[in-house]
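The structure under discussion appears below in the form of structure tokens.
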Amino acid sequence: MLTDLLKHAKDIEKSLFETPSLQQYAFYYIFNRDKLNTLSVDELSGDEEILSAKGYKSISPIEDELKIIKRQPLKKGIHYTSDCIKLVGIHLASQESIEDKIDDKFNNGSLKEKYFISKALPSYKKKLSDFLRESTDTDEYHKVIDFVINEITSDDTEDSIFSIIRKDADAIDLLLINDYIMARGLDRTKYLNISAKTLIIQILNNFSNAIKKITVHRYNSRAGIEIKDEYDVQDVLHTMLIGIFPDLKPEEQVQRTGAKNTRVDFALDSEGILIEAKMISDNYKDEKEFIEQLKKDIESYFVYPNLKDVIFFVYAPDSSKIKNVNNFYSLNGQRSNTGKSFEVTVIVNP
12 MLTDLLKHAK DIEKSLFETP SLQQYAFYYI FNRDKLNTLS VDELSGDEEI
62 LSAKGYKSIS PIEDELKIIK RQPLKKGIHY TSDCIKLVGI HLASQESIED
112 KIDDKFNNGS LKEKYFISKA LPSYKKKLSD FLRESTDTDE YHKVIDFVIN
162 EITSDDTEDS IFSIIRKDAD AIDLLLINDY IMARGLDRTK YLNISAKTLI
212 IQILNNFSNA IKKITVHRYN SRAGIEIKDE YDVQDVLHTM LIGIFPDLKP
262 EEQVQRTGAK NTRVDFALDS EGILIEAKMI SDNYKDEKEF IEQLKKDIES
312 YFVYPNLKDV IFFVYAPDSS KIKNVNNFYS LNGQRSNTGK SFEVTVIVNP
């Protein structure tokens, strides 16, 4: 069954993104940042679409473009706020200045829209989980999303996912299908030929859901395991990654020129990837200082041999402590120095 599902997902992706569209940007923003980096906003038409795409690609818009935010609808119901994908992208482009509109869309939108907002803006994940637990709906979207988010299954969950496939699937449906596949534990690399980097990013994006079994939903009401600091995060990540990447090296030394040696949490030399795990703890206060430390870490990695990618994983169990998540995402992109270059990717979860 799952192999059929994988084939359907691949076919939908190919058909859906045959021509450039904003849905591509939204999907790859969450699912595959490598492919997102290959897209050009010049391929799109329409000022709202272009601004939204810039948000997904972390491209700073010019001041005139942001005037779109205050634009009034031309006709009743025709406005960027009526399109969930467009709205989220514009929200990202505006450095989260329209949070009230996102809140309104989440509170009054469909379950499918709630799911997408929680994927693109992880601070809404808990709200979605709580909504699902309180909801009495039993349609196919509720069954599949409840399985993906809360690990609650029913006898016809599989029928529900195929029911979604049989519809005119869009980018949000495709995200849900892929989340379902991951929740069922199938190795997508075998079928979809995705890169090690993409798989690592997917694992990191799913971190908070993956740890529920040991932190919350333990057998026979046993006490959950606490994740108190970065060392706990590193231990859990090591367990998640080592079975997939046996050559993963923990606590790898990084030679820093003119100073003492520093270490990076994980190195996957066969793929040219370094992974550094951080945690937003209870005493987190100075966001600027936190970001500055990440910048210093980035500069120290240029001496690492054959480096292609640096992935920062920032675990934020209480995402309300983060003032502006775009401060973290602003670090994304290609970095170059002394003839060397690598790509920086920041994952904030939840």
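All the letters of the sequence shown, read from the start, carry residue numbers 12 to 361 under this note's numbering. We treat Cβ as the ideally placed atom computed from N, Cα and C, and that holds for glycine.
The straight-line gap separating the alpha-carbon atoms of residue 178 and residue 101 is approximately 27 Å.
Following the DSSP letters along the chain, one finds residue 233 in no beta strand (DSSP E), marked with neither H nor E. Relative to the Cα of residue 338, the nearest Cα in the group 304, 313 and 346 belongs to 304. Residue state for residue 148 is assigned as coil, using DSSP reduced to three classes. For residue 28, the closest C-alpha among the options 238, 315 and 181 is that of 181. About 24 Å separates the Cβ atoms of residue 185 and residue 324, ruling out a contact at the 8 Å cut-off. The count of Cβ pairs closer than 8 Å, one atom from the segment 27-47 and one from the segment 63-82, reaches three, so the stretches are in contact. Following the DSSP letters along the chain, one finds residue 355 inside the beta strand (DSSP E) bounded by residues 351-360. Cβ neighbours of residue 334 within its own chain (closer than 7 Å, five residues either side excluded): 298. The segment 239-251 makes no contact with the segment 72-83, as fewer than three CB pairs between them are under 8 Å. Contact annotation: residue 117 and residue 96 have beta-carbon atoms that are not nearer than 8 Å. The segment 104-121 makes no contact with the segment 342-351; the number of CB pairs closer than 8 Å stays below 3. Straight-line measurement puts the Cα of residue 147 at about 51 Å from the Cα of residue 312. With respect to the C-alpha of residue 361, the residue from 237, 291, 16 and 296 having the closest C-alpha is 291. A direct Cα-Cα distance of roughly 35 Å separates residue 55 from residue 288. Judged by DSSP secondary structure, residue 76 falls outside any beta strand (DSSP E); it is assigned neither H nor E. It is roughly 32 Å from the alpha-carbon of residue 72 to the alpha-carbon of residue 188.
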